[in-house]
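Heads up: the protein sequence lines correspond to chains V and Y, in order. Counting from 0, one number per residue, gives the positions in the first sequence under numbering that gives the first Met the number 0. Counting from 0, one number per residue, gives the positions in the second sequence under numbering that gives the first Met the number 0. All C-beta atoms, glycine included, are put in the ideal place defined by N, C-alpha and C. Note that the coordinates shown come from a computational prediction; the quantities given were computed from them, not determined experimentally. To start, the structure under review is shown below, and the notes come after it.
There are 2 protein chains.
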Amino acid sequence: MASAKQQSGVRKQLVSNEILERAAALFAERGFAATNLQDVADALDMSRTALYHYIGGKDELLATLVHGLTDDTAESLERLAADQSLDPLTKMTKALHGMVLARANNPARIRLLLGSEGSLKEPLATEFREARRRSLDGMSRIVEEGVRAGAFRPVESHVAAFALFGMCNWVAWWYRPDRDGRQTPEMIADALVEIGMKGLCADSHRAASDGNSVQSALARLREDLAFLERATGVLQPSTGE
Amino acid sequence: MASAKQQSGVRKQLVSNEILERAAALFAERGFAATNLQDVADALDMSRTALYHYIGGKDELLATLVHGLTDDTAESLERLAADQSLDPLTKMTKALHGMVLARANNPARIRLLLGSEGSLKEPLATEFREARRRSLDGMSRIVEEGVRAGAFRPVESHVAAFALFGMCNWVAWWYRPDRDGRQTPEMIADALVEIGMKGLCADSHRAASDGNSVQSALARLREDLAFLERATGVLQPSTGE
Numbered sequence: 000m001a002s003a004k005q006q007s008g009v010r011k012q013l014v015s016n017e018i019l020e021r022a023a024a025l026f027a028e029r030g031f032a033a034t035n036l037q038d039v040a041d042a043l044d045m046s047r048t049a050l051y052h053y054i055g056g057k058d059e060l061l062a063t064l065v066h067g068l069t070d071d072t073a074e075s076l077e078r079l080a081a082d083q084s085l086d087p088l089t090k091m092t093k094a095l096h097g098m099v100l101a102r103a104n105n106p107a108r109i110r111l112l113l114g115s116e117g118s119l120k121e122p123l124a125t126e127f128r129e130a131r132r133r134s135l136d137g138m139s140r141i142v143e144e145g146v147r148a149g150a151f152r153p154v155e156s157h158v159a160a161f162a163l164f165g166m167c168n169w170v171a172w173w174y175r176p177d178r179d180g181r182q183t184p185e186m187i188a189d190a191l192v193e194i195g196m197k198g199l200c201a202d203s204h205r206a207a208s209d210g211n212s213v214q215s216a217l218a219r220l221r222e223d224l225a226f227l228e229r230a231t232g233v234l235q236p237s238t239g240e
Numbered sequence: 000m001a002s003a004k005q006q007s008g009v010r011k012q013l014v015s016n017e018i019l020e021r022a023a024a025l026f027a028e029r030g031f032a033a034t035n036l037q038d039v040a041d042a043l044d045m046s047r048t049a050l051y052h053y054i055g056g057k058d059e060l061l062a063t064l065v066h067g068l069t070d071d072t073a074e075s076l077e078r079l080a081a082d083q084s085l086d087p088l089t090k091m092t093k094a095l096h097g098m099v100l101a102r103a104n105n106p107a108r109i110r111l112l113l114g115s116e117g118s119l120k121e122p123l124a125t126e127f128r129e130a131r132r133r134s135l136d137g138m139s140r141i142v143e144e145g146v147r148a149g150a151f152r153p154v155e156s157h158v159a160a161f162a163l164f165g166m167c168n169w170v171a172w173w174y175r176p177d178r179d180g181r182q183t184p185e186m187i188a189d190a191l192v193e194i195g196m197k198g199l200c201a202d203s204h205r206a207a208s209d210g211n212s213v214q215s216a217l218a219r220l221r222e223d224l225a226f227l228e229r230a231t232g233v234l235q236p237s238t239g240e
C-alpha cells in the first residue's frame with residue numbers, strides 16, 4: 000500500500016498538473032501580462048494562499064510551463080535517437096505516439112507555448128529555442144537513420160521532421176478529450192502514427208508494424224498480385240506450383 | 000502594356016499585402032491590444048496618414064487578417080471538393096500544395112490567427128470558427144471521396160484532415176523564406192504533398208503521380224517482385240513466359 004507520504008506526493012503532482020493546464024489556458028486566452036495569480040486561483044476554485052502551496056509565483060509558473068513539455072519532448076527524442084537497441088521504424092513509432100499523447104493530454108500548454116514564443120523574456124526565450132532545437136535534432140536523426148537503413152524514402156530530414164511535428168502539435172488545436180469522447184488520445188495517436196509512418200516509409204516497408212524482412216515483403220507482394228489477378232480476371236500461365 | 004490605373008491597382012495590392020503581413024507580425028508579437036497603428040506605420044517606415052490610404056483602422060485591419068487567409072482556404076477546399084472533373088488524388092494534391100504555399104508566403108498571418116483565436120471578439124470569432132468549419136468539411140469530403148474510390152486507406156476523415164492541416168499550417172512556424180533560402184516555397188510544398196499523399200494512399204496507389212489503373216498497379220507489383228527475387232536469390236520456378 001502507498002504510504003501517506005507517497006499519496007500526498009501523488010496528490011500534489013496531480014494538483015500541480017491541473018494548475019499548470021488551467022494557468023496555460025488563461026495565459027493563452029488573456030495574455031500572460033493581463034492574467035494574475037488571483038485569476039488562476041479563481042479558475043481553480045481555490046484561494047491564492049492555497050495556490051502558493053504549489054507554485055512560487057507567476058514567473059515561476061510560466062518557467063515551469065515553458066520547460067515542462069518542451070524539455071520532455073527534447074529529452075525523449077534525443078534518448079530515442081541514441082538508443083542502439085531499437086530499429087528506426089520502432090524509434091519513429093514511439094516518438095510520434097509519445098508526442099501525440101502529450102499534446103492530447105496537455106493541449107492548453109502547447110497552444111500557449113507556440114502562440115507566445117515571440118513574447119517570452121530572457122532567459123526563457125533562449126531556453127525554449129534551445130529545447131526546440133534539440134527536439135528538431137533528435138527527430139531529424141531518427142529520420143536520417145531510417146533513410147540510411149532503406150526503411151524511409153530519401154526525404155530531407157528537417158522538412159520531414161517539421162511535417163511530423165506539425166501533425167503531432169496540431170492535436171493541441173483540435174482534439175478535446177471532453178468533446179471528442181468517442182476517440183481516446185490512444186486512438187488519435189494510433190491513427191496519426193499510421194499516417195506519419197506511411198508518409199515516410201519506402202514502398203517495401205508498408206507499415207511500421209509489419210515484418211521488415213525481404214521475405215515478408217515478398218510474401219505481401221505475392222498476396223497483392225494474386226488478389227489483383229483474381230479481381231481483374233488477368234490470369235498468369237500456370238507456374239506448376 | 001498595363002495602364003497607369005492597372006499599375007496603381009497592382010501597387011496598392013502589393014503594399015496592402017505587406018501592411019497585412021507586418022501588422023500580423025506585430026500583433027502576434029505584442030498582442031493586438033498593445034499594438035497601435037503608429038507602431039504598424041513605424042514598422043513599415045511610412046506615415047500614419049499614408050497608412051490610412053490603405054486601411055480603414057485597426058479593427059478593419061484585424062478583420063481583413065482574420066477573413067483573408069481563412070476564407071481563401073475554405074473556398075479553395077470547398078471548390079476542390081465539389082469539382083467533378085478531378086479525381087480525389089488530384090484534388091488532394093492541389094489542396095495540400097495550395098495550403099503549403101499560402102502558409103509559406105504569409106507565415107505571420109497564420110501564426111497570429113491560430114495564436115489569438117481565443118481572444119477574437121464577436122462577430123469575428125464566430126466568422127473565424129465558421130470558416131475553419133468549412134475548411135474541415137471540404138478537406139474531409141476530399142478524404143472520404145478518396146476512401147470510397149479505394150485510392151486512400153479507410154482512415155477516419157476528420158482525423159486525417161486535421162493531420163494534413165497540421166502538417167501544412169506548421170509551415171508558418173518553421174519556414175522562413177529569407178532564412179531557408181535554399182528551399183523555395185514550391186520545394187517545401189512538393190515535399191509535404193508527397194509525405195501527405197503517401198500517408199493517406201492505399202498501398203496499390205503508391206504515389207499520387209502514378210497511374211491508378213489496376214493494370215499499372217499490377218505492372219508495379221511484378222517489377223517489385225522481380226527485383227526482390229533477384230536481390231535475395233529466391234527464384235520462382237520457371238513460368239514458361
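Just to confirm my understanding: we take residue i, look at its own chain, exclude 5 residues before and 5 after, and list those with CB closer than 7 angstroms. What are they?
{"i": "Thr63/V", "result": "Leu19"}
{"i": "Arg21/Y", "result": "Val39, Ala42, Leu43"}
Distance, Cα to Cα, residue i vs residue j?
{"i": "Asn168/Y", "j": "Glu77/V", "result": "25 angstroms"}
{"i": "Gly97/Y", "j": "Leu43/V", "result": "43 angstroms"}
{"i": "Gly67/V", "j": "Thr125/V", "result": "15 angstroms"}
{"i": "Ala101/V", "j": "Gly198/Y", "result": "22 angstroms"}
{"i": "Ala162/V", "j": "Leu191/Y", "result": "7 angstroms"}
{"i": "Ser208/V", "j": "Pro106/Y", "result": "Because the pLDDT at Ser208/V is just 39, under 50, the model does not fix this residue reliably, and the point stays unresolved."}
{"i": "Asn211/Y", "j": "Gln83/V", "result": "Because the pLDDT of Asn211/Y is 47, which lies under 50, any placement of that residue in the model is unreliable, and the number read from its coordinates should be weighed accordingly. If you take the alpha carbons of Asn211/Y and Gln83/V, they lie about 40 angstroms apart."}
{"i": "Val65/Y", "j": "Phe127/Y", "result": "7 angstroms"}
{"i": "Gly30/Y", "j": "Gly30/V", "result": "8 angstroms"}
{"i": "Glu155/V", "j": "Phe164/Y", "result": "20 angstroms"}
{"i": "Ala150/V", "j": "Ala201/V", "result": "6 angstroms"}
{"i": "Ala159/V", "j": "Val142/V", "result": "7 angstroms"}
{"i": "Ser7/V", "j": "Tyr174/Y", "result": "46 angstroms"}
{"i": "Leu123/Y", "j": "Leu135/Y", "result": "18 angstroms"}
{"i": "Met45/Y", "j": "Arg147/Y", "result": "54 angstroms"}
{"i": "Ser75/V", "j": "Leu113/Y", "result": "27 angstroms"}
{"i": "Met166/Y", "j": "Asp189/Y", "result": "13 angstroms"}
{"i": "Ala32/Y", "j": "Val9/V", "result": "40 angstroms"}
{"i": "His204/V", "j": "Lys120/Y", "result": "At His204/V, the pLDDT of 42 sits below 50, so the modelled position is not reliable and the matter cannot be decided from this model."}
Since residue i is in the alpha helix (DSSP H), which residue starts that stretch and which ends it?
{"i": "Asn104/Y", "result": "87-104"}
{"i": "Gly67/Y", "result": "57-81"}
{"i": "Glu129/Y", "result": "123-147"}
{"i": "Tyr51/V", "result": "47-51"}
{"i": "Ile54/V", "result": "Element bounds for Ile54/V: n/a, residue is neither H nor E."}
{"i": "Val39/Y", "result": "36-42"}
{"i": "Phe161/V", "result": "156-168"}
{"i": "Pro184/V", "result": "184-199"}
Spatial neighbours of residue i within its chain, please: C-beta separation below 8 angstroms, excluding the five flanking residues on both sides.
{"i": "Tyr53/Y", "result": "Lys11, Val14, Ser15, Ile18"}
{"i": "Ala49/V", "result": "Ala40"}
{"i": "Lys93/Y", "result": "Leu79, Leu85"}
{"i": "Gly56/V", "result": "Leu36"}
Return yes when the Cβ of residue j is within less than 8 angstroms of the Cβ of residue i, no when it is not.
{"i": "Ala130/Y", "j": "Asp70/Y", "result": "yes"}
{"i": "Arg47/V", "j": "Leu36/V", "result": "yes"}
{"i": "Arg110/Y", "j": "Ala171/Y", "result": "yes"}
{"i": "Pro176/V", "j": "Ala103/V", "result": "yes"}
{"i": "Pro184/Y", "j": "Gly145/Y", "result": "no"}
{"i": "Val259/Y", "j": "Ile187/Y", "result": "Residue 259/Y falls outside the range modelled here, since chain Y spans only 0 to 240, and no answer is possible."}
{"i": "Ser118/V", "j": "Glu228/Y", "result": "no"}
{"i": "Leu224/Y", "j": "Leu220/V", "result": "yes"}
Note down, in chain order, every chain Y residue with its Cβ under 7 angstroms from the Cβ of residue i.
{"i": "Lys197/V", "result": "Lys197, Gly198"}
{"i": "Asn168/V", "result": "Gly165, Trp169"}
{"i": "Phe161/V", "result": "Trp169, Trp173"}
So, for residue i: in the same chain, excluding its five sequence neighbours on each side, which residues have a beta-carbon less than 6 angstroms away from its beta-carbon?
{"i": "Arg140/Y", "result": "Ala80"}
{"i": "Thr34/V", "result": "Leu25, Phe26"}
{"i": "Asp58/Y", "result": "none"}
{"i": "Ala23/Y", "result": "Leu64, Ala107, Arg108, Leu111"}
{"i": "Arg181/V", "result": "none"}
{"i": "Arg152/V", "result": "Ala201"}
{"i": "His157/Y", "result": "Ser139"}
{"i": "Tyr51/Y", "result": "none"}
{"i": "Gly137/V", "result": "Leu76, Glu77, Ala80"}
Output, in chain order, the set of chain Y residues within a Cβ distance shorter than 8 angstroms of residue i.
{"i": "Glu129/V", "result": "Going along chain Y, no residue has its Cβ under 8 angstroms from Glu129/V, so there is no contact; the nearest lies around 16 angstroms."}
{"i": "Leu224/V", "result": "Leu217, Leu220, Arg221, Leu224"}
{"i": "Ile187/V", "result": "Val158"}
Give the interface partners of residue i over in chain Y, defined as CB-CB distance under 9 angstroms, in chain order.
{"i": "Pro154/V", "result": "For clarity, residue 154/V is Val in the given sequence; the question names Pro instead. Ordered by position in chain Y, the residues that pass the 9 angstroms Cβ test against Val154/V are Ala190, Glu193, Ile194."}
{"i": "Leu123/V", "result": "Ordered by position in chain Y, no residue passes the 9 angstroms Cβ test against Leu123/V, which lies about 15 angstroms from the chain."}
Please list, in chain order, the chain V residues whose beta carbon lies closer than 9 angstroms to that of residue i.
{"i": "Leu113/Y", "result": "Arg110, Leu113, Gly114, Trp172"}
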